[in-house]
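So for the sequence shown, the working numbering puts the first residue at 10; every next one is plus one.
Report on the following structure.
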Amino acid sequence: MPRLILLDRDGVLNVDRGDFVKHPGELVMIEGSARAVARLNRAGVRVAVCTNQSVVGRGIIGRDALDAVHRALAERLAAEGARLDLLLDCTDHPDRPSRRRKPQPGMLIEALRRFEAVPSETPFVGDALRDLQAAERAGCKRVLVRTGHGPKTQAASLP
């Protein structure tokens with residue numbers, strides 16, 4: 010059992026909207042995702058989210074609105090007895106990415122360091138190719154879910 014598991018947010022915990030999750034009312038949890046996090050919590054596994062949130066970098070919402078969405082996520086997880094140990098987000102615009110924006114590994118490395126976790130023993134769960142690329146670059150195990158963009162990603166003939 011790993012000490013830490015890293016998760017993407019949209020398409021893994023909540024439904025990925027094509028127009029972004031802009032306020033708490035648009036946050037729809039994927040069936041069973043909160044229960045899965047609760048099971049990890051009970052097993053003593055730390056759970057950290059590493060999520061690109063260009064909705065801020067694009068100027069669609071502000072930081073306060075994103076924080077409100079993340080508070081709603083925490084509340085919905087808590088309603089199922091689940092919690093996150095860490096939530097990291099990268100608000101960079103896709104045209105001006107930093108090393109934190111997936112597919113770069115910055116957020117994953119930050120989480121690994123925070124928990125002193127061994128990359129090769131730490132899975133990263135995502136639904137998009139950029140998630141798998143970030144995991145590989147960080148030295149993490151790659152896990153593709155079949156929610157969100159997962160089926161499309163899998164059908165695209167993964168490298």
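No residue lacks a Cβ here, since even glycine has one placed at the ideal position from N, Cα and C.
Note that the structure is predicted; figures quoted are calculated from it, not measured.
query: 8 Å CB neighbourhood of Q142 in its chain, flanking five on each side removed; result: K111, P112
query: Contact check, T162 vs L138, beta carbons under 8 Å; result: yes
query: Given L95 as reference, the closest of R146, V46, D140 once Cα atoms are compared; result: V46
query: V152 - DSSP class collapsed to helix/strand/coil; result: strand
query: Residue span of the beta strand (DSSP E) that contains V58, given as start and end; result: 55-61
query: Span of the beta strand (DSSP E), counted from its first residue to its last, around G135; result: 132-135
query: 8 Å Cβ cutoff met for A147 and L117; result: yes
query: Residues sharing a beta bridge with M38, DSSP; result: N23
query: Check whether I14 and T131 have beta carbons under 8 Å apart; result: yes
query: Cα-Cα separation, Q62 to T100; result: 5 Å
query: Alpha-carbon to alpha-carbon, L97 and I69; result: 19 Å
query: Cβ-Cβ separation, R85 to A43 (assumed contact under 8 Å), whole Å; result: 6 Å
query: I69 - DSSP class collapsed to helix/strand/coil; result: coil
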